Every structure is written in structure tokens, then in C-alpha cells.
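Engineer: Here it is, the structure in full.
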Amino acid sequence: MLKLIKDLLDQHNIPYIIKDRESGGYMKIYSGFSIYGTDILVEKLLLKKAKDILDEFTSK
Numbered sequence: 017m018l019k020l021i022k023d024l025l026d027q028h029n030i031p032y033i034i035k036d037r038e039s040g041g042y043m044k045i046y047s048g049f050s051i052y053g054t055d056i057l058v059e060k061l062l063l064k065k066a067k068d069i070l071d072e073f074t075s076k
């Protein structure tokens, strides 16, 4: 799902930062996945546009 969201944001030229929660980054290195989840950070000015794009995609 993360790759899909990243691809949608890339297609619409919306810059973002991926941030692992808690010690998730270390868990990914050690085990290949994280139970803590990942946050996708978008500039405040582009947040509504990003939400609209994701909502449109998930409503299909």
C-alpha cells in the first residue's frame, strides 16, 4: 500500500517524506518489516490536494 501511495503522489508531483514510527526503521533493517507503521508527511499547503487524490483512488 505504501508503494501505491508514493506512486500516486509522485504522479501528481506532490513532495513527501516517509517516516517510520517508533523504532520501525530499525525493525525494517533487522527483520524486513515493522509492526509500528509508517507516516507519509506532506506539506500543509498540499495536504488537501493529496487527500483528494487518495480519496478519489480509494473510492473506486
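Counting in my numbering, the sequence shown runs from 17 upward without gaps. Where a beta carbon is used, it is the ideal one built from N, C-alpha and C, also for glycine. Please read all numbers here as calculations on a predicted model, not as lab measurements.
Looking only at DSSP bridge pairs, what is residue 36 linked to?
Structural biologist: 54
Engineer: Taking the straight line between their C-alpha atoms, what separation do you get for residue 27 and residue 52?
Structural biologist: 27 Å
Engineer: Grab the span of the alpha helix (DSSP H) containing residue 21 for me, first residue to last.
Structural biologist: 18–27
Engineer: So, at 7 Å on beta carbons, what are the nonlocal neighbours of residue 25 in its own chain, with the 5 sequence-adjacent residues on each side left out?
Structural biologist: 32 and 66
Engineer: In angstroms, rounded to a whole number, what distance separates the CA positions of residue 36 and residue 55?
Structural biologist: 6 Å
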